[in-house]
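A short write-up of the structure that comes next.
Number of protein chains: 2
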Amino acid sequence: MILNLDLKERSYDIIIERGVIKKAAEQLNLKRKVMIITDAGVPSEYASCVLSQSKVGYVEVIPEGENGKSLAVYENVLSKMLEYGFTRSDCVVSVGGGVAGDLTGFCAASYMRGIDFYNIPTTALAQIDASIGGKTAVNLRGIKNIIGAFYQPKKVLIDPDLLITLPPRQLSNGLCEAVKMAMTSDAELFEIMEEGNIYDNIDTIIERSLKIKKSVVEKDEREGGLRKILNFGHTIGHGIESEEKLNGLYHGECVALGMLPMCSTSARERLTKVLKNLHLPTSYDFDIQKIIEAMRHDKKSDGDCITVVLVEKIGTFELKKMSYDELTERFTSYIKKENK
Amino acid sequence: MILNLDLKERSYDIIIERGVIKKAAEQLNLKRKVMIITDAGVPSEYASCVLSQSKVGYVEVIPEGENGKSLAVYENVLSKMLEYGFTRSDCVVSVGGGVAGDLTGFCAASYMRGIDFYNIPTTALAQIDASIGGKTAVNLRGIKNIIGAFYQPKKVLIDPDLLITLPPRQLSNGLCEAVKMAMTSDAELFEIMEEGNIYDNIDTIIERSLKIKKSVVEKDEREGGLRKILNFGHTIGHGIESEEKLNGLYHGECVALGMLPMCSTSARERLTKVLKNLHLPTSYDFDIQKIIEAMRHDKKSDGDCITVVLVEKIGTFELKKMSYDELTERFTSYIKKENK
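Just so you know, the protein sequences line up as chains A and B, in that order. The first sequence begins at 1062 in the numbering used here and counts up one residue at a time. The second sequence begins at 1062 in the numbering used here and counts up one residue at a time.
Okay, structure coming up:
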């Protein structure tokens, strides 16, 4: 299946096809210098597979997790490209999850003020969400995504076969973004997930999720307004991720916790069921003040209030400015472990 | 005088007016957090003047010269903005030359994926050329502008009064870009400069130069093709700048040397006269091989050939792919000191 993301001169195709990585050269222009960036957690044969199809290829392995998104790693990758003589006509390919994609995308956006960028996401999180939309970034001083650019890939190859090697927790981590899309925009997709056979329906779930994201990105490429719906669960989610002591939680797990306080009671009940089925957390013991502090540094922060996405009825949403006080209260009432 | 640079949703005004820095708040939205970036070589009263008009202002002084455009300085500025709690709704202002503008612009382009950027150029080089067009950058491993973004300012304030404090050599450095614009696009402007009273005609020279640049940028924002005419003299010029031992030369001086081999004999004779009148160099003793090597790393490099701008008749230009060998030959014939 091919989805075309329509952004005028920045339009690109998303190819969703089992086995597509093995014929990447049919889809991507690899007849030039190709910098393949992968992370230490990705099976090395995926990068090798792309390397073997490249005219002049190089593989750079970045650290797994958020450490891969530092300015030091960024500088190192750009230095290698310079050393290998990459020009504006060459390209970079991300083979990995959201971290590799964000870092690679920002390298592509800024090397010589922009060269071609291809994305081959290998995690459920990246296939369902992070690989399209053009948000690239690195972290600074422990704050996620504070430096970056809006920069679209030239093409995205999604090979659901690559998910086979993922541990179940990683898979659920990604599926949480599909739950998010369903909650705000696709009641039918939510019902498919409610029925329980999530793993059997993975291709459908990826496709429907990407269609939602595609439609949002097309209407609001640079996060002017509408795109905020993609942040459902992320405002608190990022706060949780930034809070050092909780580094053990995955992004999707933080988003799961972030969505729960932002629903009506009925929506929350149905959501809780789906999250539990995916073994995603529904409560946690937090230091709320620390998290709120981290959130004041968040991009979505706007002075003393913060714009959040609320889901009253599954498949619909509303944007609301909320004070940090109300946020703290919802947080405490709905996901703090002691109260459950 | 107001010039509007028309780039659709990225359009902006360039205000050319003596004394405009003193009423910057009438032109710029300074009723928010304002990070003012200036360099150690700029009179500190210019930044103070903007600071006094800002609601919540901060001044960051970066090192003078190319050292101000390192990734370390970039990281330091972004860290300060994070520390001071800058959000997407705040802004940065460059008060300085091309170095401050390039660094500030890239900070603005990438902080939270883009915040408002104002430019108040204080050098002739920046007022005549560098402050408009949206090319932002930092250096890496001694290679100029290898990392950056196309990112347009929201407004540019050009106050020719600020040039009063410049030493003559700095003024000539900037005027060389006006000579460049005239050579490719404005025979009449070249004649004004040929007449000799360059300093008396500085307002006219700034305006006419900016009009040429504006028209080129409007037609080719991201340096697809036409914008290459702005690189007249810069291909070799950048090569010279990259060559370590010649660090004593200013950008405009390198461009002066870079233009000479790229003209017809008659154009070169007239150009030489104007450059000499501005006390700009017309010959130098180079290590050609080193310079050619640096140029292979240049953005404008395209494999074994390089696209250069040639001026046959003043006020016109042509683009040509030239081999590195021919480049070396022209270089040796026309600006190597021994041959003069």
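Note that CB positions come from ideal geometry on N, CA and C, so glycine has one too. Here the structure is a predicted model, which is why all the values come from computation and not from measurement.
### Task
Return the first residue and the last residue of the beta strand (DSSP E) that Y1073/A is part of.
1073 to 1077
### Any chain A beta carbon closer than 8 Å to F1211/B
yes
### Query
Hey, which unbroken runs of the beta strand (DSSP E) at 3 residues or more fall wholly within the region 1332 to 1380 of chain B?
1366 to 1371
### Message
Within a Cβ cutoff of 7 Å, which residues of the same chain sit near E1268/A, ignoring the five residues on either side of it in sequence?
### Response
Cβ within range, chain order: M1062, I1077.
### Query
What did DSSP end up calling G1209/B once you bin it into helix, strand or coil?
DSSP places G1209/B in strand when its eight states are reduced to three.
### Query
Nearest CA to the CA of L1089/A: which residue from T1389/A, E1284/A, Y1073/A, L1201/A?
Y1073/A
### Task
Using a Cβ cut-off of 8 Å (strictly closer), state whether E1078/A contacts chain B.
no
#### Entry: Proximal residues to N1400/A (C-beta, below 6 Å), its chain only, five neighbours per side dropped
For N1400/A, the predicted structure reports a pLDDT of 40, less than 50, and the residue's modelled location is therefore unreliable. The matter cannot be settled from this model.
### Message
According to DSSP, simplified to helix, strand and coil, what is G1157/A?
### Response
Three-state DSSP puts G1157/A in a strand.
### Message
What does the alpha-carbon distance come out to for the pair D1365/B and L1186/B?
### Response
31 Å
### Query
For the alpha helix (DSSP H) that T1245/A lies in, which residues bound it at each end?
1229 to 1246
### Task
Would you kindly report the start and end of the unbroken alpha helix (DSSP H) that includes E1314/B?
Residues 1312 to 1320.
### Message
Less than 8 Å between the beta carbons of G1376/A and F1293/A, yes or no?
### Response
No Cβ-Cβ contact shorter than 8 Å links G1376/A with F1293/A.
### Query
Anyone know if the C-beta pair for I1219/A and I1075/A falls short of 8 Å?
yes
### Task
Please state if the CB of F1392/A and the CB of T1245/A are separated by a distance shorter than 8 Å.
For T1245/A and F1392/A, no; Cβs fall outside 8 Å.
### Query
In or out: I1301/A buried (at least 16 other Cβ within 10 Å) or exposed?
buried
### Task
Mind checking who C1324/A pairs with in its DSSP beta bridge?
V1372/A
### Message
Using a Cβ-Cβ cutoff of 8 Å, what residues of the region 1172 to 1191 of chain A are near chain B? List them in chain order.
### Response
Y1172, M1173, R1174, G1175
### Query
Which stretch, first to last residue, makes up the beta strand (DSSP E) that contains Y1405/B?
The first residue shown for chain B is 1062 and the last is 1401, placing residue 1405/B beyond what the model contains.
### Message
Could you tell me the alpha carbon to alpha carbon distance between G1159/A and K1215/B, rounded to whole angstroms?
### Response
Straight-line spacing of the CA atoms in G1159/A and K1215/B works out to 32 Å.
### Task
Taking all protein chains shown into account, decide if I1208/B is buried (16 or more other Cβ within 10 angstroms of its Cβ) or exposed.
buried
### Task
For I1207/A, go through chain B and note every residue whose CB falls closer than 8 Å to its CB, in chain order.
L1139, L1143, Y1172, M1173
### Query
Using 8 Å as the Cβ pair cut-off and three pairs as the minimum, do the region 1196 to 1212 of chain A and the region 1158 to 1178 of chain B touch?
yes
#### Entry: Endpoints, the alpha helix (DSSP H) within which V1111/A is located
1105 to 1112
### Message
Can you pull the chain A neighbours of L1201/B, defined as C-beta to C-beta under 8 Å?
### Response
E1136, L1139, S1140, L1143
### Query
Just how far apart, CA to CA, sit A1243/B and I1352/B?
26 Å
### N1206/A burial status per 10 Å Cβ neighbour count (16 or more: buried)
buried
### Task
Could you tell me if T1226/B is buried or exposed, where buried requires 16 or more neighbouring beta carbons within 10 angstroms of its beta carbon?
exposed
### Query
Got a sec: is the Cβ-Cβ distance from K1092/B to anything in chain A below 8 Å?
no
### Task
Pick helix, strand or coil for S1115/A, following the three-state DSSP scheme.
coil
#### Entry: CB of G1118/B within 8 Å of CB of I1097/B, strictly
yes
#### Entry: G1194/B, buried or exposed, once every other Cβ within 10 Å from all chains shown has been counted against 16
With 16 or more Cβ atoms within 10 Å of its Cβ, G1194/B is classed as buried.
### Query
Considering only residues of the same chain and omitting the five flanking positions on each side of S1155/A, which have a CB-CB separation below 6 Å?
I1098, A1161, G1162, T1165, N1180
### Query
Do we get a CB-CB distance below 8 Å when we pair G1404/B with the residues of chain A?
The displayed coordinates of chain B run from 1062 to 1401. Any statement about residue 1404/B would go beyond what the structure contains.
### Task
Along the alpha helix (DSSP H) that carries K1196/B, what are the first and last residues, could you check?
Premise fails: K1196/B lies in the beta strand (DSSP E), 1196 to 1201, not in any alpha helix (DSSP H).
### DSSP state of Y1172/B mapped onto helix, strand, coil
Correct three-state label for Y1172/B: strand.
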